[in-house]
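**Q** Here you go, one structure.
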Amino acid sequence: MSKSFILRSVVNPIYISMMAQEHAHSSVVERLLNCELRVLFREITRISNHSLALTTHAMDVRASTSFLWAFEEREKLLEFYERVSGARMHASFIRPGGVSQDLSLGLCIDIDSFTQQFASRIDELEEMSTDNRIWKQRLVDICTDWGFSVVILRGSGVCWDLQKAAPYDVHDQLDLHIPVGTRGDRYDCYCIRIEEM
C-alpha cells in the first residue's frame, strides 16, 4: 500500500477540512516521534470553515450580502492553500514531521496582511447581521432538541473546547478565549462563530 494512498484515505473523509484532517493524521505520527508542527494552516482552516458555515447559514435565512462577503474572505484563505500546495481542497501539505514545502516570504506577508484586515471585515459582517431585526427573527430561539456539536455545546453555555481540554501542538501556550452563549439557539451559534474568527 503506497504512502500517498494512506494519506488520501485520511484526508478525503471531510474534504472541507482538508488541512485539519492532514493535521490530525500528522499529529498522531508526530506524537509518536515526539515532534511538533505549526498550527497556522489549521487555524486558517478553522476560519475558512466558519466562513463557509456563515455563508451557508446566510443563504438559509436569505441574507445575500453577508453570504457574498463571507465567501469573499473564504476565497482568500483558499488561495493560501493553493499557494502552498497547488490545490484548493486536497492539499497534502501537512505531513508527519513537517510540511511538504517551506512557506515563501511573500505568502507569509500576504497571510499577515489578511489577518490585519480580517478583524475589520468580521466587524462589518457582525455590524450588518448581529443586531439586524430580520436576522434575529430567523435565528433567535431556533435550535435543535437532540444532539450537540461543539458550537451548539458552547452556544448552550458550556465552556468546552478541545484545545483547552486536551491541548495539543502549541495550544497550551496560547491565551485562548472560548466564547460561550446562553440560549443554545442558532443566533448564539452564529455569534460564537463570529467571535471565534
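Under full-length UniProt numbering, the final residue of the sequence shown carries the number 197; numbering is consecutive throughout. For every residue, glycine included, the Cβ atom is placed at its ideal position computed from N, Cα and C.
With burial defined as no fewer than 16 other Cβ atoms inside 10 Å of the residue's Cβ, what is the status of Asp185: buried or exposed?
**A** Against the sequence shown, residue 185 aligns to sequence position 185. So Asp185 ends up on the buried side.
**Q** What are the uninterrupted segments assigned as beta strand (DSSP E) that are 3 or more residues long and contained completely in the stretch 59-133, given in chain order?
**A** Fully enclosed beta strand (DSSP E) runs of 3 or longer: not present.
**Q** From Ser129 to Tyr168, what does the alpha carbon distance come to, in whole angstroms?
**A** Position 129 of the sequence shown, counting from 1, holds the residue named residue 129. Position 168 of the sequence shown, counting from 1, holds the residue named residue 168. Taking the straight line from one Cα to the other gives about 34 Å.
**Q** According to the neighbour-count rule (16 or more other Cβ atoms, all chains shown, within 10 Å of its Cβ), is Asp161 buried or exposed?
**A** As a working mapping, residue 161 is identified with position 161 in the sequence shown. The residue in question, Asp161, is buried, as its Cβ has 16 or more Cβ neighbours within 10 Å.
**Q** With a 10 Å radius around its C-beta and 16 neighbouring C-beta atoms as the bar for buried, classify Leu176 as buried or exposed.
**A** Counted from its first residue, the sequence shown places residue 176 at position 176. Exposed, by the Cβ-count rule.
**Q** Rounded to whole angstroms, how far is the Cβ of Leu40 from the Cβ of Ile16, which I believe are closer than 8 Å?
**A** As a working mapping, residue 40 is identified with position 40 in the sequence shown. As a working mapping, residue 16 is identified with position 16 in the sequence shown. Not confirmed; about 18 Å, so no contact.
**Q** Where does Arg184 fall in DSSP's three states?
**A** Here residue 184 refers to the residue found at position 184 when the sequence shown is read from its first residue. Correcting the residue identity first, residue 184 is Gly in this sequence and not Arg. Coil, per DSSP.
**Q** Contact between the stretch 186-196 and the stretch 106-113: three or more CB pairs below 8 Å?
**A** Touching, no, given that fewer than three Cβ pairs across the two stretches are closer than 8 Å.
**Q** Is Arg154 closer than 8 Å to Val180 when the C-beta atoms are compared?
**A** Taking the sequence shown and counting its residues from 1, one reaches residue 180 at position 180. Taking the sequence shown and counting its residues from 1, one reaches residue 154 at position 154. In this structure, Arg154 lies closer than 8 Å to Val180 by Cβ.
**Q** Residues in the same chain with beta-carbon distance under 7 Å from Cys191, minus the five sequence neighbours each way, listed in chain order, please.
**A** As a first step, residue 191 is located in the sequence shown; it is residue number 191 there, counting from the start. Cβ neighbours of Cys191 beyond the five flanking positions: Thr130, Gly181.
**Q** Please work out which residues of its chain come closer than 8 Å, Cβ to Cβ, to Ile44, disregarding the five sequence neighbours upstream and downstream, and give them in chain order.
**A** Taking the sequence shown and counting its residues from 1, one reaches residue 44 at position 44. Excluding positions up to five away in sequence, the list reads Met19, Leu77, Phe80, Tyr81, Ile111.
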